[in-house]
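Scroll down for the structure; my scribbles are underneath it.
In full-length UniProt numbering, the protein residues as written are 1 to 141.
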């Protein structure tokens, strides 16, 4: 295994492992009632909204909630499978990664389009917000 492959595998492992708590504690707040989250998780989400001007999370439109529901139903289980695959260096990891990459790319397209060109696209924080979401498109590809 080459050095570049090892470095990329480590990046992917970290990406997927960190995505598990982020999805459970932050992203899922768009579709799961607030009483199920610890105060610090709600504060973290509010800090993100205030700091980065995330109008999608603050306004929580139905189309955005549907993407978060798909993240919980489809992507979250894959995060565990993919993390395990990278930890154990399994060759079968390619197919789950292709499934995840395809799904996340199709969800990021409307999110980034809304941030950059939607009604709130005049926000001075839009570029920062787009840069926060962009790795979720670029890394899986």
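All residues carry an ideal CB built from backbone N, CA and C; glycine is no exception.
Identity of the residue in the options nearest residue i by Cα
{"i": "residue 97", "options": "81, 111 and 112", "result": "81"}
{"i": "residue 16", "options": "112, 119, 111 and 100", "result": "100"}
{"i": "residue 79", "options": "42, 18 and 102", "result": "18"}
{"i": "residue 133", "options": "37, 48 and 36", "result": "48"}
Whole-Å CB distance - residue i paired with residue j, under 8 angstroms assumed
{"i": "residue 30", "j": "residue 65", "result": "5 angstroms"}
{"i": "residue 136", "j": "residue 108", "result": "6 angstroms"}
{"i": "residue 111", "j": "residue 56", "result": "7 angstroms"}
{"i": "residue 72", "j": "residue 28", "result": "6 angstroms"}
{"i": "residue 44", "j": "residue 26", "result": "6 angstroms"}
{"i": "residue 13", "j": "residue 87", "result": "7 angstroms"}
{"i": "residue 131", "j": "residue 105", "result": "No, residue 131 and residue 105 are not in contact; Cβ-Cβ is about 17 angstroms, not under 8 angstroms."}
Cβ-based burial, residue i [other Cβ within 10 Å; buried from 16]
{"i": "residue 21", "result": "exposed"}
{"i": "residue 124", "result": "exposed"}
{"i": "residue 93", "result": "buried"}
{"i": "residue 50", "result": "exposed"}
{"i": "residue 129", "result": "buried"}
{"i": "residue 75", "result": "buried"}
{"i": "residue 11", "result": "exposed"}
{"i": "residue 115", "result": "buried"}
{"i": "residue 83", "result": "buried"}
Residue ranges of each alpha helix (DSSP H) run of no fewer than 4 residues wholly in the UniProt domain "EXPERA" (8-141), ordered along the chain? For the UniProt domain "EXPERA" (8-141), whole alpha helix (DSSP H) runs of length 4 or above, ordered along the chain, are 39-52, 55-59, 62-70, 76-87, 94-117, 126-133 and 135-138.
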